[in-house]
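Colleague: Here the numbering used here = 1-based position in the sequence shown + 85. Where a beta carbon is used, it is the ideal one built from N, C-alpha and C, also for glycine. Sharing a structure here in structure tokens format.
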Amino acid sequence: MEMYLFRHDVYKFYYNCTQHTREEWFQFGTVQKEISIFGIVAGIFCLALYIPCLKTMLEPSLWKLSCYKLMFLNGIIDIWGIITSCFLTGYLGLEGAVFCAYPDFLYIYGCVIIAMWDAQCMTVFLLAFNRCIDFWQLASLTRMFEGKRMFFWWMCPITYCIITLFLCASAPYNSVSNMWVMDPYFGISGDYRASEVTPYDNAVILNMNNLSLLIGLTSCYSFLIFSVWYKSRQGGGAVMSKVQRQVSLQAFMICSIIYTTGGIYCCFEFFPTFLPPIFMTICFLLWQWGFCGVIVIYMTMNRTLRDGVINFYLGFVGRKRQGNVASMPYGKNSVSQLSHTAARVSST
Numbered sequence: 086m087e088m089y090l091f092r093h094d095v096y097k098f099y100y101n102c103t104q105h106t107r108e109e110w111f112q113f114g115t116v117q118k119e120i121s122i123f124g125i126v127a128g129i130f131c132l133a134l135y136i137p138c139l140k141t142m143l144e145p146s147l148w149k150l151s152c153y154k155l156m157f158l159n160g161i162i163d164i165w166g167i168i169t170s171c172f173l174t175g176y177l178g179l180e181g182a183v184f185c186a187y188p189d190f191l192y193i194y195g196c197v198i199i200a201m202w203d204a205q206c207m208t209v210f211l212l213a214f215n216r217c218i219d220f221w222q223l224a225s226l227t228r229m230f231e232g233k234r235m236f237f238w239w240m241c242p243i244t245y246c247i248i249t250l251f252l253c254a255s256a257p258y259n260s261v262s263n264m265w266v267m268d269p270y271f272g273i274s275g276d277y278r279a280s281e282v283t284p285y286d287n288a289v290i291l292n293m294n295n296l297s298l299l300i301g302l303t304s305c306y307s308f309l310i311f312s313v314w315y316k317s318r319q320g321g322g323a324v325m326s327k328v329q330r331q332v333s334l335q336a337f338m339i340c341s342i343i344y345t346t347g348g349i350y351c352c353f354e355f356f357p358t359f360l361p362p363i364f365m366t367i368c369f370l371l372w373q374w375g376f377c378g379v380i381v382i383y384m385t386m387n388r389t390l391r392d393g394v395i396n397f398y399l400g401f402v403g404r405k406r407q408g409n410v411a412s413m414p415y416g417k418n419s420v421s422q423l424s425h426t427a428a429r430v431s432s433t
């Protein structure tokens with residue numbers, strides 16, 4: 086972004102679209118009809134569930150728990166991701182757009198894409214880290230996520246997002262690959278690159294982010310597996326209840342989508358000829374469902390949030406489903422018990 090704002094002449098040199106008219110540039114694109122329509126329909130469905138889901142997280146009985154504050158932050162990123170990956174990408178795919186069809190908009194939004202992806206990676210890592218802290222229930226560590234200290238954890242991905250917004254190269258949309266890629270001329274025949282070395286070849290920060298994601302999530306979940314094994318040996322019995330095992334499955338499913346997406350990105354960057362082209366489509370779908378898939382997992386595996394969404398829509402017809410955890414009164418002991426259970430849900 087800093088190139089566009091402060092070195093605009095350099096931006097014009099490397100992202101040059103004067104070789105053809107806008108109409109001619111569209112001819113280089115590929116209309117992505119099926120996958121675009123699928124994305125738009127999926128986006129409508131997921132947004133219809135996610136918005137009341139976030140509203141449920143704001144219920145006082147849930148919002149007092151640090152895990153739901155992290156889940157809410159992750160949900161905001163997911164809402165943005167659904168709008169981008171389903172609606173905006175779907176519209177551009179139906180048009181068969183390439184970078185030079187909307188150069189300024191796609192360059193700026195391509196910077197936002199990278200920044201928000203980095204913020205999502207850090208948020209997922211924080212959720213995994215929070216889960217590690219919660220497993221051991223050490224007061225000196227759990228206090229890190231209590232009260233106003235949560236503001237610090239929120240600021241970590243937000244600050245990281247702002248920094249990478251200005252420092253990372255852009256990844257504009259390209260309908261040839263139906264993906265947001267750094268090379269604005271990807272898949273377009275002809276030599277349009279201004280020089281052999283260009284800003285869109287510099288993916289150091291993105292690669293470091295993706296590698297850190299892989300290392301961080303691997304470390305956290307390896308630690309959890311070791312912790313479960315260690316506690317089972319110490320206690321001589323089952324360490325995780327049925328609810329805990331279900332929550333662990335939710336965490337694994339959500340993080341594995343982001344983990345796999347980051348892994349494929351790294352493979353494309355370090356071994357560009359190793360993966361067949363179909364993996365570009367797989368990578369896009371994984372990126373898209375890294376946002377959409379979270380709400381599907383919530384609705385199928387998290388009863389508290391599912392009841393909140395159902396009650397939201399039943400409220401339009403003057404009805405309410407009984408047993409909604411978010412609306413039930415709690416005594417002191419009940420809140421304490423819920424806090425242990427809900428904290429484990431924070432990884433979702």
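Nearest to I129 by CA position, among G166, W148, Q104, is which residue?
Modeller: Position 44 of the sequence shown, counted from the first residue, corresponds to residue 129. Per the Cα distances, G166.
Colleague: On the DSSP bridge list, what partners appear for W265?
Modeller: Residue mapping note: residue 265 aligns to position 180 of the sequence shown, counting from 1. W265 is bridged to Y258.
Colleague: By a C-beta neighbour count over all protein chains shown, 10 Å radius and 16 as the cutoff for buried, is P257 buried or exposed?
Modeller: Taking the first residue of the sequence shown as 1, we reach residue 257 at position 172. Counting Cβ neighbours within 10 Å, P257 comes out buried, since at least 16 surround it.
Colleague: Using 8 angstroms as the threshold, is the C-beta distance between I343 and Q117 below it?
Modeller: Counted from its first residue, the sequence shown places residue 343 at position 258. Counted from its first residue, the sequence shown places residue 117 at position 32. Going by C-beta atoms, I343 is not nearer than 8 angstroms to Q117.
Colleague: Taking the alpha carbon of I199 as the reference point, which residue from L360, M86, A336, G175 has its own alpha carbon closest?
Modeller: Position 114 of the sequence shown, counting from 1, holds the residue named residue 199. That would be M86, whose Cα lies nearest to the Cα of I199.
Colleague: Go through its chain and collect everything with a Cβ distance to K154's Cβ below 6 angstroms, but skip five positions before and after it.
Modeller: Here residue 154 corresponds to residue number 69 of the sequence shown, with the count starting at 1. Hits under 6 angstroms: M235.
Colleague: Where do the N-terminal and C-terminal ends of the alpha helix (DSSP H) with N396 fall, by residue?
Modeller: Taking the sequence shown and counting its residues from 1, the one referred to as residue 396 is at position 311. Residues 388–399.
Colleague: Should P242 be labelled buried (16 or more other beta-carbon atoms within 10 Å of its own) or exposed?
Modeller: Along the sequence shown, read from residue 1 onward, the residue named residue 242 stands at position 157. Counting Cβ neighbours within 10 Å, P242 comes out buried, since at least 16 surround it.
Colleague: Apart from the five residues just before and just after L179, which ones in its own chain have a Cβ nearer than 6 angstroms to its Cβ?
Modeller: Your numbering for residue 179 matches position 94 in the sequence shown. Answer for L179: S121, listed in chain order.
Colleague: What residue ranges within the region 179–241 form continuous alpha helix (DSSP H) runs of no fewer than 4 residues, ordered along the chain?
Modeller: Listed in chain order, they are 188–221, 224–227.
Colleague: Using the three-state DSSP reduction, which class does S421 fall into: helix, strand or coil?
Modeller: Numbered from its first residue, the sequence shown carries residue 421 at position 336. With a pLDDT of only 39 at S421, under the threshold of 50, the placement of this residue in the model should not be trusted; the figure read from the coordinates follows. Helix at S421.
Colleague: Would you decide whether A411 is buried or exposed? Buried here means 16 or more other CB atoms lie within 10 Å of its CB.
Modeller: Numbered from its first residue, the sequence shown carries residue 411 at position 326. Because A411 sits at a pLDDT of 43, beneath the cut-off of 50, its placement in the model cannot be relied upon, and the point is left open.
Colleague: Does DSSP classify P284 as helix, strand or coil?
Modeller: By 1-based counting over the sequence shown, the position of residue 284 is 199. Note: P284 maps to helix in three-state DSSP.
Colleague: Rounded C-beta distance between M384 and V394? I'm assuming under 8 angstroms.
Modeller: Taking the first residue of the sequence shown as 1, we reach residue 384 at position 299. Taking the first residue of the sequence shown as 1, we reach residue 394 at position 309. Indeed they touch by this definition, with Cβ atoms about 7 angstroms apart.
Colleague: In terms of residue numbering, what span does the alpha helix (DSSP H) encompassing D276 cover?
Modeller: The count along the sequence shown starts at 1 and reaches residue 276 at position 191. Per DSSP, D276 belongs to no alpha helix (DSSP H) and is neither H nor E.
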